[in-house]
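In this note's numbering, the protein residues as written are 206 to 608. For reference, the structure discussed in these notes is given below.
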Ligand SMILES: [Zn+2]
């Protein structure tokens, strides 16, 4: 275990009973996903995921070269089961039995988390004020204390509603079947302070093989479990995190730490993470900002025109793989990544640590994205080895092993 990594968490993960109950509906979902996948492989348009090297525009996850219609991603939380169902288990079922076994052997079917949260009253007078990013004060502090109690937030409550608090609210909402918008309004607060509030222990196990692309977008309420701040797991000696507080899935971050350690041991250093987890809301914000700019610069345009232009350079919310917490943009500070020794080492070795280079030139007609030398995706070591050995992309892997 590299020095830079903190002690690895136990691999034994609890599987909420509700997740098992959901397996019936998951099986039904497989048929739909398989059909989508088969259809996708034939018809995927080539689009751009990142319009340029992330050293210049780390958040501009770009998309299609041709204008596309606004995807109909209308979140309807009422149709979801109270927890878990919104997490999109489709890809998990495409794992062949032999591949899935290695994972299942490690699972302990333990009872549901026993620490039942106790109800507390909402510490605000009526009508309840909606708490949101940028606010501060006693109400925010109480909110944070409750989020800490329920394990959505670590540290101490400082009364300032920043990004970490917003992420915690989003995750709480997703797990509790609420619209995951990061706004702590009356409904969210009433569930949060109730005895039936579900803690972060109820987050479903992450599906490392989840497929995200334009044909298979993620829902607004898809929030990955087990997110960690990268800087809290990996040493700054090993890798620079360009934007403080950037999060990703814990297993993926730990694997990335091993990858960087091996690279450094081989004399390849100066690694940087330009981007990792992005919320649906952050991606939507990028879209909204771009639409506003287009409308400002082109007063005669309709909103539809501005949206079409936007989708040439910004991924519609839900279609960015970064929402899974399993994708990373790896760069070298101040240098264009393609062609560097770091890029070559990464492409030659990342599969040994469970990563694939997700978008290659060769597979762009299948992935629908043009090549991105810097974008890697965690899929787990076994899948990464198979994908690399067979020279497949993720879509091909899922189709070949899942049908
Ligand atoms: Zn990326």
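Glycine included, each C-beta is placed from N, C-alpha and C at the ideal position.
field: Helix, strand or coil at residue 449 [DSSP, three-state]
entry: Under the three-state reduction of DSSP, residue 449 is assigned to coil, being neither helix nor strand.
task: Evaluate residue 276 with the Cβ neighbour count: other Cβ atoms within 10 Å of its Cβ, from every protein chain shown; 16 or more gives buried, anything less gives exposed.
output: Model confidence at residue 276 stands at a pLDDT of 39, short of 50, so the residue's coordinates are unreliable; what they give is reported in the following sentence. Exposed.
- prompt: Considering residue 532, what are the terminal residues of the beta strand (DSSP E) in which it resides?
  reply: Run containing residue 532: 532-536, per the beta strand (DSSP E) assignment.
message: Quick check on DSSP: helix, strand or coil for residue 496?
response: In the three-state reduction of the DSSP assignment, residue 496 falls in the helix class.
message: As a quick exercise: from 353, 395, 458, 524, pick the residue whose alpha carbon is nearest that of residue 611.
response: Look at the range of the chain in this structure, 206 to 608, and you will see that residue 611 is not part of it.
- prompt: Between the C-alpha atoms of residue 413 and residue 474, what's the straight-line distance to the nearest angstrom?
  reply: If I take the Cα positions, the gap works out to 27 Å.
query: If you run the structure through DSSP and keep just helix, strand and coil, what is residue 542?
result: In the three-state scheme derived from DSSP, where H, G and I count as helix and E and B as strand, residue 542 is classed as coil.
query: From what residue to what residue does the alpha helix (DSSP H) around residue 602 run?
result: It spans 599-607 - the alpha helix (DSSP H) in which residue 602 sits, taken as one unbroken run.
field: Among 357, 389, 358, nearest to residue 334 - alpha-carbon criterion
entry: Cα-wise, what sits closest to residue 334 is 389.
query: Can you tell me the Cα-Cα spacing of residue 612 and residue 375, whole angstroms?
result: In the structure displayed, the chain extends from 206 to 608; residue 612 sits before or after that span and is not available.
- prompt: Is it the case that the Cβ atoms of residue 464 and residue 598 are separated by a distance below 8 Å?
  reply: In this structure, residue 464 lies away from residue 598, with their beta-carbon atoms at least 8 Å apart.
Residue 470 burial status per 10 Å Cβ neighbour count (16 or more: buried): Counting C-beta atoms within 10 angstroms of its own C-beta, residue 470 has fewer than 16 neighbours from the protein chains shown and is therefore classed as exposed.
- prompt: Sorry if obvious, but does the Cβ on residue 527 come closer than 7 Å to a heavy atom of ligand 1?
  reply: Yes - ligand 1 has a heavy atom lying nearer than 7 Å to the Cβ of residue 527.
Best match in 357, 552, 531 for proximity to residue 480 [C-alpha to C-alpha]: Of the candidates 357, 552, 531, the one whose C-alpha sits nearest the C-alpha of residue 480 is 531.
message: Buried or exposed, going by whether 16 or more other CB atoms sit within 10 Å of the CB of residue 520?
response: Buried, since its Cβ has 16 or more Cβ neighbours within 10 Å.
Whole-angstrom distance between residue 492 and residue 342, CA atom to CA atom: In this model, residue 342 and residue 492 are separated by some 31 Å (Cα to Cα).
- prompt: Three or more C-beta pairs closer than 8 Å, one from the stretch 435-450 and one from the stretch 540-555: is that the case here?
  reply: At 8 Å Cβ cutoff, the stretches do not touch.
message: How far does the beta strand (DSSP E) with residue 513 in it extend, from its first residue to its last?
response: No beta strand (DSSP E) contains residue 513, which is instead part of the alpha helix (DSSP H) from 508-515.
query: Exposed or buried, residue 513, counting other C-beta atoms within 10 Å across all chains shown (16 or more means buried)?
result: Buried.
Under the three-state DSSP convention, the category residue 336 falls into: Strand.
message: Just to confirm my understanding: we take residue 495, look at its own chain, exclude 5 residues before and 5 after, and list those with CB closer than 6 Å. What are they?
response: Its chain contains 515, 519 as the residues whose beta carbon lies nearer than 6 Å to that of residue 495, once the 5 sequence neighbours on both sides are disregarded; these appear in chain order.
field: Span separating the alpha-carbon of residue 499 from that of residue 570
entry: C-alpha separation (whole angstroms): 29 Å.
query: Listed by chain order, which residues have C-beta atoms less than 5 Å from any heavy atom of ligand 1?
result: With 5 Å as the limit, the residues whose C-beta approaches a heavy atom of ligand 1 more closely than that are 534, 580, in chain order.
- prompt: When you compare only the Cα positions, how much space is there between residue 588 and residue 410?
  reply: Rounded to whole angstroms, the gap between the alpha carbons of residue 588 and residue 410 is 17 Å.
message: In whole angstroms, give me the CA-to-CA distance for residue 611 and residue 538.
response: Limits of the chain in this structure are 206 at one end and 608 at the other, which puts residue 611 out of reach.
query: How about residue 606 and residue 529: are their beta carbons less than 8 Å apart?
result: At least 8 Å separates the beta-carbon of residue 606 from that of residue 529.
- prompt: Between residue 522 and residue 384, what straight-line distance do the alpha-carbon atoms span, to the nearest angstrom?
  reply: Cα-Cα distance, rounded: 15 Å.
- prompt: DSSP on residue 578, reduced to helix/strand/coil?
  reply: Coil at residue 578, not helix or strand.
field: Among 517, 551, 352, 338, nearest to residue 575 - alpha-carbon criterion
entry: Among 517, 551, 352, 338, the Cα nearest to that of residue 575 belongs to 517.
- prompt: Just reading off the alpha helix (DSSP H) that residue 611 is part of, what are its end residues?
  reply: Because the chain in this structure spans residues 206 to 608, residue 611 falls outside the shown range and cannot be described.
- prompt: Per DSSP, what kind of secondary structure is residue 396 in: helix, strand or coil?
  reply: Residue 396: helix per DSSP, three-state reduction.
task: Compare the C-alpha of residue 483 against each of 452, 508, 540, 472 and name the closest.
output: For residue 483, the closest alpha carbon among the candidates 452, 508, 540, 472 is that of 452.
N-terminal and C-terminal residue of the beta strand (DSSP E) that residue 459 is part of: Run containing residue 459: none in the beta strand (DSSP E); it sits in the alpha helix (DSSP H), 455-470.
- prompt: The beta strand (DSSP E) spanning residue 561 covers which residue range?
  reply: For residue 561, the uninterrupted beta strand (DSSP E) segment begins and ends at 560-562.
message: Using a 10 Å radius around the Cβ and a threshold of 16 neighbouring Cβ atoms, would you call residue 568 buried or exposed?
response: By the neighbour-count rule (16 or more Cβ atoms within 10 Å), residue 568 is buried.
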